[in-house]
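Worksheet: one structure, shown below.
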Amino acid sequence: VTESTELLEVVAFVFSIPISNAYAEKVFSHMEDVWSDKRNRLSVAMVKSELQVRLNFKLSCTEFKTFIEEQKPLIAAAKGNTKYSWKT
């Protein structure tokens with residue numbers, strides 16, 4: 029390992045430190061909406077999935093409809109009987 033490689037790792041680490049905690053606060057705000065008193069039986073995996081969709085999927089409802097209609101294998105899987113194969 030050369031000194032320049034070690035310096036590069038230190039610089040990369042320093043630049044990876046967030047300037048603020050706004051993103052984390054945004055995640056917790058969304059989590060409060062998702063995991064409310066009325067929806068308190070949601071599993072952690074379900075909350076995680078919904079948060080991932082809310083925070084990472086930037087399509088409007090119309091754009092999503094158009095996108096999903098083109099995904100024939102996904103539609104077939106959603107309609108299929110193997111959707112919940114873990115429940116045997």
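Numbering follows my numbering, in which position 85 of the sequence shown is assigned residue number 113; successive positions increment by one, without gaps.
From the three backbone atoms N, C-alpha and C, an ideal C-beta is built for every residue, glycine too.
7 Å Cβ shell around residue i - same chain, five flanking residues per side excluded
i: P101; result: none
Where residue i falls: helix, strand or coil (DSSP)
i: L87; result: coil
i: E98; result: coil
i: T33; result: helix
i: L79; result: helix
Own chain residues within Cβ distance below 6 Å of residue i, not counting five before or after
i: T116; result: With a pLDDT of 45 at T116, under the threshold of 50, the predicted position of this residue should be treated as unreliable, though the coordinate-derived value follows. There are no such residues.
i: A52; result: none
Beta-carbon gap between residue i and residue j smaller than 7 Å
i: V62; j: V81; result: no
i: H58; j: L35; result: no
Neighbourhood of residue i by C-beta distance below 8 Å, restricted to the same chain and skipping five residues each side
i: F92; result: F85
Reference residue i; option with closest CA among the options
i: V55; options: S77, V39 and S71; result: S77
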